[in-house]
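**Student:** Residue numbers (my numbering): 59 to 487.
Dropping the structure in here first, questions after.
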Amino acid sequence: MSAEFLLEIKSLAHKNNVPIMQDATSEFIFSFIKKHNVKSVLEIGTAVGYSAIQFALVDESVKVTTIEIDIDRTIQAIKNVEKCGLKSRIKIINNDALACDINEKFDLIFIDAAKAQYEKFFEKFKANLNPKGAIISDNLLFHGIVENQNLTKSYSTKKLVRKIKRYVNFLKENIEFTTEFYKTGDGISVSKFKTDYSNFISEENFLEEKEYFKIFKIDQKCLLKLFDENVSKEFALMDFRNSQFAYNQNISKFMPCDFLKISGCFGIVFQNDDEKFPSRILNEFDKNIFSDKFTLLHEKLLSLNAESLASYKELLLFILGGNSKENSSVIRKLKKLPEGNFFCQGNFCPENILIDENKNLFASNFLLSCKGPKEFDIARTFYILSKTNSEKSILKSEDYLIKMEIDKESLLPFIEVFNEFENSFYDIF
59 MSAEFLLEIK
69 SLAHKNNVPI
79 MQDATSEFIF
89 SFIKKHNVKS
99 VLEIGTAVGY
109 SAIQFALVDE
119 SVKVTTIEID
129 IDRTIQAIKN
139 VEKCGLKSRI
149 KIINNDALAC
159 DINEKFDLIF
169 IDAAKAQYEK
179 FFEKFKANLN
189 PKGAIISDNL
199 LFHGIVENQN
209 LTKSYSTKKL
219 VRKIKRYVNF
229 LKENIEFTTE
239 FYKTGDGISV
249 SKFKTDYSNF
259 ISEENFLEEK
269 EYFKIFKIDQ
279 KCLLKLFDEN
289 VSKEFALMDF
299 RNSQFAYNQN
309 ISKFMPCDFL
319 KISGCFGIVF
329 QNDDEKFPSR
339 ILNEFDKNIF
349 SDKFTLLHEK
359 LLSLNAESLA
369 SYKELLLFIL
379 GGNSKENSSV
389 IRKLKKLPEG
399 NFFCQGNFCP
409 ENILIDENKN
419 LFASNFLLSC
429 KGPKEFDIAR
439 TFYILSKTNS
449 EKSILKSEDY
459 LIKMEIDKES
469 LLPFIEVFNE
479 FENSFYDIF
């Protein structure tokens, strides 16, 4: 088969407004097939067979099964495949992919059909993926509109873009697959089954235990934060998203790179920027030096805009279990409190501070992070410190307020709410 015929297929597709792979995407997938020794491909969205033909031409051992819902495109694809002499290696199915049951396993699954159905395609066909295989999804940038919706005024296009964004988040937060994203072509993702981290859950790898999670060392740069089995997916995901925000704002040393589930427990894999892990050893600090650095770090956090995070009122209502008659009193008080878009760590206290070898402080544990007025987070820190005040405390609550230059009176409305929420904070898990 001549290269001229492929160009002819491509030209006719463009002429008839039939979407086909961009050249950069083609090159990416060809390289992937060669590098990973792919022998079997399942394609969702045949169009006129342009991509299926190219996959089969990478190597004579490659076989392709491809599904197309449109009958006219299917007929044209069959003609193109036969003309290329690839009928024995390319199987074309005319059907709705979501209604199509396939029993075979594949080294590569390529999703390039109706964008609004990507998540359903992924969920349906993940069972057809070989253990070391990959699912590649195309068009995740959608002509750049996903990153800049101002490029279109079409309501339907904006609606589609929102669905693509939801699919991207679905991939990022998937507990079964790890996904890498590339800006190649029109945006590509490569999803593979997650690494089995269960072997790292051992006494040998154990680092520390907190109230609702344990930390295990994976290697020199990676940690596994494994939540207790009674921590819900919603809370674990909240920690994952908030940790992403914190890392992107350069206020955390750890990059959350994987969200997973092991033996019924949700977990997050973090990668450390440095060779050495920060520690929680505070007793080496002079109390005055620590309090200065502590308040400076808190002021830095409180200067950040956290408009994308949930509000502190939403968070507290969620912890409380929503609106109910028995909660009506505290909810009324909560509603009277001011709004704000500042970053609130939610549990900013010495126990959630990490120290590197140069004695720089970093925040950790972003489960309860949210947006709100600065007074909310200052009041929260004061409240936590006041519960743990003792002669041995590295920072006392009253000293903290002096350092922050804020009057306790202005925090009382928040503290009053915290008092009513106290049991809920301990029962949320």
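Ideal placement from N, C-alpha and C gives every residue a C-beta, glycine not left out.
Mark Cys-315 as exposed unless 16 or more other C-beta atoms lie within 10 angstroms of its C-beta, in which case mark it buried.
**Tutor:** Within the sequence shown, the letter at position 257 stands for residue 315. With fewer than 16 other Cβ atoms within 10 Å, it is exposed.
**Student:** Alpha carbon to alpha carbon, what distance is there between Val-289 and Asn-227?
**Tutor:** Within the sequence shown, the letter at position 169 stands for residue 227. Within the sequence shown, the letter at position 231 stands for residue 289. Rounded to the nearest angstrom, the two C-alpha atoms are 21 Å apart.
**Student:** Since Ile-411 contacts Ala-437 with CB under 8 Å, what's their CB separation in whole angstroms?
**Tutor:** Along the sequence shown, read from residue 1 onward, the residue named residue 411 stands at position 353. Along the sequence shown, read from residue 1 onward, the residue named residue 437 stands at position 379. Ile-411 to Ala-437, Cβ: 18 Å. No contact.
**Student:** If you draw a straight line from the alpha carbon of Gln-403 to that of Asn-263, how long is it in whole angstroms?
**Tutor:** Here residue 403 corresponds to residue number 345 of the sequence shown, with the count starting at 1. Here residue 263 corresponds to residue number 205 of the sequence shown, with the count starting at 1. Cα to Cα, Gln-403 sits roughly 28 Å from Asn-263.
**Student:** Suppose only complete runs of 4+ residues qualify. What are the alpha helix (DSSP H) ranges in the stretch 189 to 238, listed by chain order?
**Tutor:** Runs found: 213 to 230.
**Student:** Do Leu-425 and Phe-312 count as a contact pair if the criterion is CB distance below 8 Å?
**Tutor:** To locate residue 312, count along the sequence shown from 1; it is residue 254. To locate residue 425, count along the sequence shown from 1; it is residue 367. Taking 8 Å as the Cβ cut-off, Phe-312 and Leu-425 do not qualify as a contacting pair.
**Student:** My assumption, with CB atoms under 8 Å, is that Glu-126 sits in contact with Ile-150. Please give the rounded CB distance.
**Tutor:** For the purposes of this step, residue 126 is taken as the residue at position 68 of the sequence shown. For the purposes of this step, residue 150 is taken as the residue at position 92 of the sequence shown. Confirmed, about 7 Å.
**Student:** Just to confirm my understanding: we take Ile-486, look at its own chain, exclude 5 residues before and 5 after, and list those with CB closer than 6 Å. What are they?
**Tutor:** For the purposes of this step, residue 486 is identified with residue 428 of the sequence shown, where counting begins at 1. Note that Ile-486 scores a pLDDT of 48, beneath 50, so its modelled location is shaky and nothing firm can be said.
**Student:** In chain order, what residues of the same chain have a beta carbon less than 7 Å from the beta carbon of Thr-210, not counting five sequence neighbours either side?
**Tutor:** Position 152 of the sequence shown, counted from the start, is the residue given in the question as residue 210. Only Ile-203, Lys-216 meet the Cβ criterion.
**Student:** To the nearest angstrom, how far is it from the Cα of Phe-164 to the Cα of Leu-187?
**Tutor:** Translated into positions along the sequence shown, residue 164 becomes position 106. Translated into positions along the sequence shown, residue 187 becomes position 129. Near 5 Å, if we compare the C-alpha coordinates of Leu-187 and Phe-164.
**Student:** Please classify Glu-101: is it buried, with 16 or more other beta-carbons within 10 angstroms of its beta-carbon, or exposed?
**Tutor:** The count along the sequence shown starts at 1 and reaches residue 101 at position 43. Flag for Glu-101 reads buried.
**Student:** Can you tell me which of the three DSSP states Ala-172 falls into?
**Tutor:** Translated into the one-based positions of the sequence shown, residue 172 becomes position 114. Looking at Ala-172 - three-state DSSP - the assignment turns out to be coil, as it is neither helix nor strand.
**Student:** Could you check if Cys-260 is buried or exposed, using at least 16 other CB atoms within 10 Å of its CB as the buried criterion?
**Tutor:** Sequence index remark: in the sequence shown, residue 260 carries index 202 (1-based). A small correction: the amino acid at residue 260 is Ser; Cys does not occupy that position in the sequence shown. It is exposed - the Cβ of Ser-260 has fewer than 16 other Cβ atoms within 10 Å.
**Student:** What are the start and end residues of the beta strand (DSSP E) that includes Lys-429?
**Tutor:** Counting from one through the sequence shown, the residue named residue 429 turns up at place 371. Unbroken beta strand (DSSP E) run through Lys-429: 428 to 430.
**Student:** Just the C-alpha distance for Asp-414 and Thr-253, rounded to the nearest angstrom, thanks.
**Tutor:** Looking up residue 414 in the sequence shown gives position 356. Looking up residue 253 in the sequence shown gives position 195. Approximately 28 Å, taken between the alpha carbons.
**Student:** Going straight from the alpha carbon of Phe-298 to that of Gly-191, what length do you get?
**Tutor:** Position 240 of the sequence shown holds residue 298. Position 133 of the sequence shown holds residue 191. One C-alpha to the other measures close to 26 Å.
**Student:** Using only the alpha-carbon positions, how far apart do Gln-134 and Pro-77 sit?
**Tutor:** Working through the sequence shown from its first residue, we reach residue 134 at position 76. Working through the sequence shown from its first residue, we reach residue 77 at position 19. The alpha-carbon atoms of Gln-134 and Pro-77 are separated by roughly 14 Å.
**Student:** Take the Cβ of Tyr-213 as the centre, count every other Cβ of all protein chains shown within 10 Å, and call the residue buried at 16 or more, exposed below.
**Tutor:** As a position in the sequence shown, residue 213 is number 155, starting the count at 1. The residue is exposed, with fewer than 16 neighbouring Cβ atoms inside 10 Å.
**Student:** For Leu-156, which residues from the same chain have a beta carbon less than 8 Å from its beta carbon, with the 5 sequence-adjacent residues on both sides left out?
**Tutor:** The residue given as residue 156 occupies position 98 in the sequence shown. Cβ neighbours of Leu-156 beyond the five flanking positions: Gln-175, Lys-178, Phe-179, Lys-182.
**Student:** Could you give the residue range of the beta strand (DSSP E) that holds Glu-126?
**Tutor:** The residue labelled residue 126 in the question sits at position 68 within the sequence shown. Run containing Glu-126: 121 to 126, per the beta strand (DSSP E) assignment.
**Student:** Using the C-alpha atoms, what's the distance from Ala-171 back to Asn-197?
**Tutor:** Start at 1 with the first residue of the sequence shown, and residue 197 comes out as number 139. Start at 1 with the first residue of the sequence shown, and residue 171 comes out as number 113. Answer to the nearest angstrom: the Cα atoms are 10 Å apart.
**Student:** Smallest Cα separation from Asn-257: which of Asp-81, Val-116, Ser-146, Ile-320?
**Tutor:** Walking along the sequence shown from the start, residue 257 turns up at place 199. It is Ile-320 whose Cα lies nearest to the Cα of Asn-257.
**Student:** Would you call the stretch 388 to 400 in contact with the stretch 419 to 435, where contact means no fewer than 3 C-beta pairs closer than 8 Å?
**Tutor:** Judged by Cβ distances under 8 Å, the stretch 388 to 400 makes contact with the stretch 419 to 435, as three or more pairs qualify.
**Student:** By Cβ distance, which residues of its chain are closer than 6 Å to Glu-287, with the 5 residues on each side in sequence left out?
**Tutor:** As a working mapping, residue 287 is identified with position 229 in the sequence shown. Gly-322, Cys-323, listed in sequence order.
**Student:** If you compare alpha carbons, which of Phe-420, Leu-470, Asn-300 is closest to Tyr-441?
**Tutor:** Counting from 1 along the sequence shown, the entry for residue 441 is found at position 383. Looking at the Cα atoms, Leu-470 is the closest of the given residues.
**Student:** In the DSSP assignment, find the alpha helix (DSSP H) that holds Asn-138 and state where it starts and stops.
**Tutor:** Within the sequence shown, residue 138 is the residue found at index 80, counting from 1. Element bounds for Asn-138: 129 to 141.
**Student:** Specify the secondary structure class of Met-296 as computed by DSSP and reduced to three states.
**Tutor:** Your numbering for residue 296 matches position 238 in the sequence shown. Correct three-state label for Met-296: helix.
**Student:** CB Tyr-255 to CB Leu-355, shorter than 8 Å?
**Tutor:** Residue numbering aside, residue 255 sits at position 197 when the sequence shown is read from its first letter. Residue numbering aside, residue 355 sits at position 297 when the sequence shown is read from its first letter. No, they are not a contact pair.
**Student:** Restricting to Cα atoms, I'd like to know which of Ser-89, Asn-330, Leu-443 is closest to Lys-454.
**Tutor:** Sequence index remark: in the sequence shown, residue 454 carries index 396 (1-based). Measuring from the Cα of Lys-454, the nearest candidate turns out to be Leu-443.
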